[in-house]
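The block underneath contains the structure these notes are about, expressed in structure tokens.
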Amino acid sequence: MKKAIVILLLAVVGWALVDAFTHVKFGESRLGDLKNPNTVGAFYLQKTAPELSVANVVTAIVVNYRGFDTLGEVTVLFLAAAGLGSILYRRKEKGAHDTMILKNSSQLLQTGARLIFPAILVLGAYVFIHGHLTPGGGFQGGVIIATGFLLMFMAYKDYHVSHNILTWVESLAGVLFVTVGFWGLIFGGSFLKNTMGTGVLNDLLSGGVIPIVYIAVGFKVAAELTGVLETLLNFKIKK
Amino acid sequence: MDPVLYNKIVTFDIYGSAIGLILIGLYALLVKKHLIKMVIGLSIIDSGVNLLFIAVGFIKGGTAPIFSPKGIELVQKGVTMVDPVPQALVLTAIVIGFGVTAVALSLVIRLYRHHNTARIDNIKSLKW
Chain A
0 MKKAIVILLL AVVGWALVDA FTHVKFGESR LGDLKNPNTV GAFYLQKTAP ELSVANVVTA
60 IVVNYRGFDT LGEVTVLFLA AAGLGSILYR RKEKGAHDTM ILKNSSQLLQ TGARLIFPAI
120 LVLGAYVFIH GHLTPGGGFQ GGVIIATGFL LMFMAYKDYH VSHNILTWVE SLAGVLFVTV
180 GFWGLIFGGS FLKNTMGTGV LNDLLSGGVI PIVYIAVGFK VAAELTGVLE TLLNFKIKK
Chain B
0 MDPVLYNKIV TFDIYGSAIG LILIGLYALL VKKHLIKMVI GLSIIDSGVN LLFIAVGFIK
60 GGTAPIFSPK GIELVQKGVT MVDPVPQALV LTAIVIGFGV TAVALSLVIR LYRHHNTARI
120 DNIKSLKW
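As given, the protein sequences belong to chains A and B, one line each in that order. For the first sequence, the residue numbers in numbering that gives the first Met the number 0 are 0 to 238. For the second sequence, the residue numbers in numbering that gives the first Met the number 0 are 0 to 127.
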């Protein structure tokens, strides 16, 4: 009976959504005139390369045009990590032992994890350093690095990342982001304004402060996600 | 099959699957009793909404909005780039979705520690 009501309700919701989206043609350009932009998407596509010398338009939007929004987003991530820690906080009992997994993993996983872990870190660093040139960026690179740490947590029972180090990395990265923002306020007149020289399109050192901000975001996201994994996977067992 | 109707179905499959994901997630949220399954439903809704956003910004035959040497070559040939704004918004939405999932999971763990069950119909103190 309850399921029938739910399915009926979902049918109504689904019909409303489908009906709304039949008017939005799939694959049709809604950007308007690209030469004289009057939509925000066309404006970004036209202005990014000449104004900022950044190849990846999505990065330019996220870090430069909507930089303040990204600062808020990073803050939300920090709040989620902090909330997780405070909700799951448990005082360590006497004689208790921290462990990540309850069962020993196989030799194959352990050796493979040790082999592939540095490669994952390098890939993550590559993704966030080249965030303004290739698809990717700080958030994606940070997540890749956190998956590397997840692999190590799964493979080794007693693999721990010190919370002190994570907190320091996270705080310094956040401070770097805000410092770049105030730098723009002092020398450019508005918060997070891109005041450095923009360089040549498709150079590694191009786009002014965009690579700096995205590297900071990468470190911050990697530290936060590793902290979240460490908190979620942590068992405290008594011997 | 009527070709007009066929085209309509084929062009609608992306929107359709995104809406389907949203509905599946809503079903899990409304019907399932296990809290982990409800969190999974929440994140399925997230994926559906993100897919819908990306699909609205897609342009047929378009290329990624990146001015790499190859991208500039394609633009000079007359290929349009897809709308970058939905992609930037979805990047934000994914991160917020991660935060929501993480906090929800931590609340589930906390409830499990307190009541020794993660099924809401077994938690007596919730009944009213």
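Here a beta-carbon is modelled for each residue, glycine too, at the ideal position from N, C-alpha and C.
Leaving aside the five residues before and after residue i along the sequence, list all residues of the same chain whose C-beta is less than 7 Å from its C-beta, in chain order.
i               : result
F190 of chain A : F67, G180, G183, L184
Here's a check: name, in chain order, each residue in its chain whose Cβ is nearer than 6 Å to the Cβ of residue i, leaving out the five neighbours to either side.
i               : result
F234 of chain A : T98
T194 of chain A : G183, F186, G187
Helix or strand or just coil, what does DSSP make of residue i?
i               : result
K36 of chain B  : helix
M0 of chain A   : coil
T98 of chain A  : strand
M80 of chain B  : strand
T197 of chain A : coil
I236 of chain A : strand
N55 of chain A  : strand
R90 of chain A  : coil
I119 of chain A : helix
T100 of chain B : helix
R118 of chain B : strand
I71 of chain B  : helix
Determine, for residue i, whether the minimum Cβ-Cβ distance to residues of chain A falls below 8 Å.
i               : result
M37 of chain B  : no
G98 of chain B  : yes
F57 of chain B  : yes
F52 of chain B  : no
V30 of chain B  : yes
Q75 of chain B  : no
S124 of chain B : no
Residue i CB to nearest chain B CB: under 8 Å?
i              : result
I60 of chain A : yes
V56 of chain A : yes
Identify which residue in the options has its Cα closest to the Cα of residue i.
i               : options                     : result
L22 of chain B  : A:K102, A:W14, A:N55        : A:W14
F11 of chain B  : A:F77, A:G26, A:I4, A:E229  : A:G26
V74 of chain B  : B:G61, B:T100, B:P83        : B:G61
L203 of chain A : A:I144, A:A221, A:I128      : A:I128
D45 of chain B  : B:H33, B:K31, B:F57, B:A27  : B:A27
G47 of chain B  : B:L20, B:G56, B:G70         : B:L20
N163 of chain A : A:Y43, A:G31, A:L171        : A:L171
K2 of chain A   : B:A17, B:V30, B:Y5          : B:V30
M80 of chain B  : B:I93, B:V94, B:G56, B:V102 : B:G56
T69 of chain A  : A:V177, A:L231, A:E229      : A:V177
Give me the chain C residues within the contact set of residue i, using Cβ-Cβ distance strictly less than 8 Å, ordered along the chain.
i              : result
L25 of chain B : Among the chains of the structure shown, chain C does not appear; the protein chains present are A and B.
Looking at residue j and residue i, is the spacing between their C-beta atoms short of 8 Å?
i               : j               : result
E223 of chain A : A80 of chain A  : yes
I108 of chain B : L76 of chain A  : no
V73 of chain A  : L90 of chain B  : no
A41 of chain A  : L51 of chain A  : no
A221 of chain A : G141 of chain A : yes
Can you give me the Cβ contacts of residue i inside the same chain, cut-off strictly under 8 Å, excluding the 5 residues immediately before and after it?
i              : result
Y14 of chain B : L51, A54
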